[in-house]
Structures are given as C-alpha cells and as structure tokens.
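Counted the way this note's numbering counts, the sequence shown spans residues 10 to 174.
Glycine residues also receive a C-beta, built at the ideal position from the N, C-alpha and C atoms.
To start, the structure itself, in structure tokens.
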Amino acid sequence: MLAANPCPCARSRGARSADCECPSLVRRRYLARLSGPLLDRIDIQVALTAPSRAELRADAGHAESSTLVADRVAQARQRAEARLAGTPWRVNAQVPGPVLRRRWPLPPRVTNLAERAFERGLLTARGLDRVLRMAWTFADLAGQATPGPAQLGAALDLRLPGWAA
C-alpha cells in the first residue's frame with residue numbers, strides 16, 4: 010500500500026485546497042518524485058479529496074457492515090482458489106500476466122477498452138496485466154465465472170482515473 014499527499018505542505022484537500030499555498034510548479038515537482046516505474050507497480054491509483062462533515066454524516070447510514078464485506082471477500086477468495094486449483098497460485102494478484110492471458114483469455118468485447126488504452130500508451134504491458142487481475146477479482150467479488158466489460162471498465166477506472174475511451 011502506498012499513499013502520497015498532493016503537495017509538500019500536506020494541507021491540500023484536492024478540490025478544497027484553500028489551506029494550501031504551494032505553487033503549481035512545487036506541486037508538480039513534488040509528485041514527480043514518484044517515478045513512473047514505481048507507479049506502474051501500484052494496482053489501484055485513486056486521487057481522493059477530504060470529505061466534508063456533511064458527506065461523512067450522509068454516508069454513515071449506507072455503509073456495509075464489516076462482517077458482510079468480509080463474507081463477500083472470503084467467497085471471492087474461494088472462487089479464485091477454485092479456479093487456480095492445480096497451479097502454484099492462490100489469488101489473482103499472484104498469477105503472471107502471460108499465464109493469465111494464455112490460460113484464462115477474455116474475449117475482445119471484454120478487453121477492447123484496455124487494449125485501446127495500451128495502444129494509446131496509457132497502459133504499459135505490466136499495467137495491462139494489473140488491470141486484468143483486478144477485473145478477475147471484481148468478477149470473483151460479483152460471483153461471476155469470468156469478468157465482463159463492467160469489471161474490466163471498473164479496473165481501468167481504478168488504474169487510470171479520469172481516463173475516457
């Protein structure tokens with residue numbers, strides 16, 4: 010897991026950066042310290058803004074219980090383990106990309122968006138593999154046998170925030 014502030018003062022709150030006085034050049038230099046090869050090894054890349062008190066209160070009644078989430082994760086891990094039976098891997102994150110693409114290929118209608126992002130240079134080969142692994146995890150969480158376009162799209166959104174096909 011990795012987390013980074015958007016600026017050196019750590020007072021920026023994304024859209025609500027009223028407390029931050031860092032010039033944009035300082036922010037860019039600060040974030041540039043996170044190298045491309047390092048970021049390429051991070052599966053999920055999401056920019057978060059600090060929630061307001063009203064947002065925290067409004068969300069409190071809609072959150073799932075930890076028990077419910079833990080049960081869903083346990084079931085997803087069982088699905089992955091069953092699919093990976095007879096291999097040296099137990100979870101999607103451990104499967105090498107070439108093996109994932111060869112042994113469990115997805116149809117072009119599912120991978121189309123990710124392949125376009127790869128062709129446009131928005132994803133590296135390693136990044137494409139990470140998107141595929143996340144899509145398999147989303148399918149396992151949803152109780153699906155294989156990822157569909159929705160799971161692959163969700164994985165792409167987490168890998169390339171703000172990307173539009």
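Between the options, which lies nearest to residue i when the distance is taken from Cα to Cα?
| i | options | result |
| --- | --- | --- |
| A164 | R139, R42, G152, D149 | R139 |
| R20 | P117, A12, C29 | C29 |
| A126 | P114, R112, L141 | L141 |
| L6 | W113, L48, P114 | The requested residue 6 is not part of the displayed model; the chain covers only 10 to 174. |
| N14 | E64, P32, T58, N121 | T58 |
| Q153 | A67, C31, R81, D68 | R81 |
| L137 | P105, L150, R112 | P105 |
Helix, strand or coil, according to DSSP, for residue i in the structure here?
| i | result |
| --- | --- |
| G130 | coil |
| W172 | coil |
| A154 | coil |
| S33 | helix |
| Q84 | helix |
| L93 | coil |
Is the separation between the beta-carbon of residue i and that of residue j shorter than 7 Å?
| i | j | result |
| --- | --- | --- |
| Q160 | A134 | no |
| C16 | R36 | yes |
| N101 | A89 | yes |
Give the C-beta separation of residue i and residue j to the nearest angstrom, bearing in mind that I take them to be a contact with Cβ-Cβ under 8 Å.
| i | j | result |
| --- | --- | --- |
| A85 | T146 | 7 Å |
| P170 | Q54 | 6 Å |
| A123 | L132 | 7 Å |
| A148 | P158 | A148 to P158, Cβ: 11 Å. No contact. |
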